[in-house]
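Reading the sequence shown from the start, the letters are residues 0 to 282 in numbering that gives the first Met the number 0.
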Amino acid sequence: MGGKFLAEEGFSRCVPPLSVDDEEDFDDDELDDEFDEESDAESDEETAEEWDEDFDAMTLVAATARFIVRFRLALAALMVVGMLVTAASVVVPMFFASEAVSGPQSHLWGFQVKTSDDSTFQSIFVEDGTTEIITFEFDESTNVSHVYVGAHFSENNENIGVNLCDYVTVIMNLEEVNRTERYETSQTDSRTNDCNVEGDAIWYNYNLTLPTISQFEGTAAEARDQWEIVNMTGVGLWVIEITVDAQTLLEDNGEDVDITINTMEFEVLMTILDDSTEPQVEV
Numbered sequence: 000m001g002g003k004f005l006a007e008e009g010f011s012r013c014v015p016p017l018s019v020d021d022e023e024d025f026d027d028d029e030l031d032d033e034f035d036e037e038s039d040a041e042s043d044e045e046t047a048e049e050w051d052e053d054f055d056a057m058t059l060v061a062a063t064a065r066f067i068v069r070f071r072l073a074l075a076a077l078m079v080v081g082m083l084v085t086a087a088s089v090v091v092p093m094f095f096a097s098e099a100v101s102g103p104q105s106h107l108w109g110f111q112v113k114t115s116d117d118s119t120f121q122s123i124f125v126e127d128g129t130t131e132i133i134t135f136e137f138d139e140s141t142n143v144s145h146v147y148v149g150a151h152f153s154e155n156n157e158n159i160g161v162n163l164c165d166y167v168t169v170i171m172n173l174e175e176v177n178r179t180e181r182y183e184t185s186q187t188d189s190r191t192n193d194c195n196v197e198g199d200a201i202w203y204n205y206n207l208t209l210p211t212i213s214q215f216e217g218t219a220a221e222a223r224d225q226w227e228i229v230n231m232t233g234v235g236l237w238v239i240e241i242t243v244d245a246q247t248l249l250e251d252n253g254e255d256v257d258i259t260i261n262t263m264e265f266e267v268l269m270t271i272l273d274d275s276t277e278p279q280v281e282v
């Protein structure tokens, strides 16, 4: 019959023989199926990779958005600092370049002198043959235009026409006082036993003549130089040395000496007259 029978456990079937064409068709179909399966696998893999890439991009965007929302204040601060640094890097060189080109500005300056007075009274007992010291001091923030020191003494048991006072000596020690040569000084004798004098028997007077200039045109440094000659005059420690010597004909234990100290301090305020918006500047 041109066929072959295969038998297996009582079951048989007829398988027709394959022709050459059938074998070729069969081989081609198997190759096509394998190619289609490989193509589908590659397509599925590419699709999965595309999904993975899209998912990664979406995840990154979402994470970035959450980061920005969470740290928005810090990021805003960083942006502000960055803008300030950038602005400063531009403005500061321009500022110094402008100062280098223009230099100190010249103005019309006005000067105002303010003064303050003070008085001190002190009584001290000085035994015969001894010296007592009284001091007062001005710090570096002050300028002293006037100082008066006076000494008064008397005897309560003084007889009319008879001088029973001891010799009193008052010396001013200004070794630690700044610019004392600027003062015009007047004084009495530093030693006396005359207790009949009205007022102070011994006194010293120091007076500083201030510049009469009221206006000046120039830079701030040049304007301050107009007052440099009197600046910080009188700064330091003023020392009053009081000594009592007994008269040989009298038995006396010492003298009560009253000391008067009058002082005047001053400060100079500079004002730009051609620009009322400028503040006053202390010399």
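No residue lacks a Cβ here, since even glycine has one placed at the ideal position from N, Cα and C. Since we're looking at a predicted model, the values are computed, not measured.
Drop a sphere of 10 angstroms on the beta-carbon of residue i, count the other beta-carbons inside from all chains shown, and report buried for 16 or more, exposed for fewer.
| i | result |
| --- | --- |
| F110 | buried |
| D27 | Annotation note: pLDDT 49 at D27 (below 50); position unreliable, coordinate value reported separately. D27 should be labelled exposed. |
| N142 | buried |
| D165 | buried |
| F137 | buried |
| M78 | exposed |
| M269 | buried |
| F215 | buried |
| E197 | exposed |
Could you give the residue range of the beta strand (DSSP E) that holds residue i?
| i | result |
| --- | --- |
| E197 | Premise fails: E197 is in no beta strand (DSSP E) and is neither H nor E. |
| A150 | 143-152 |
| E216 | 214-217 |
| Y166 | 166-176 |
| E126 | 106-126 |
| Q186 | 183-186 |
| M231 | Neither: M231 is in no beta strand (DSSP E) and is coded neither H nor E. |
| L209 | Note, L209: premise wrong, no beta strand (DSSP E); not H, not E. |
| E136 | 129-137 |
| E254 | 253-271 |
Please confirm whether residue i and residue j have their CB atoms less than 9 Å apart.
| i | j | result |
| --- | --- | --- |
| V125 | I239 | no |
| S144 | L236 | no |
| V256 | F152 | yes |
| I241 | V146 | no |
| T259 | S118 | yes |
| H106 | A200 | no |
| S185 | N204 | yes |
| Q121 | I133 | yes |
| V243 | D116 | no |
| G217 | W108 | yes |
Compare the C-beta of residue i against all C-beta atoms of chain C and say whether one is closer than 9 Å.
| i | result |
| --- | --- |
| D117 | Looking at the structure shown, chain C is missing, and only one protein chain is on hand. |
Check whether the segment 223-231 and the segment 175-186 are in contact - that is, three or more C-beta pairs closer than 8 Å. yes
The segment 261-270 / the segment 188-202 touching (three or more Cβ pairs under 8 Å): no
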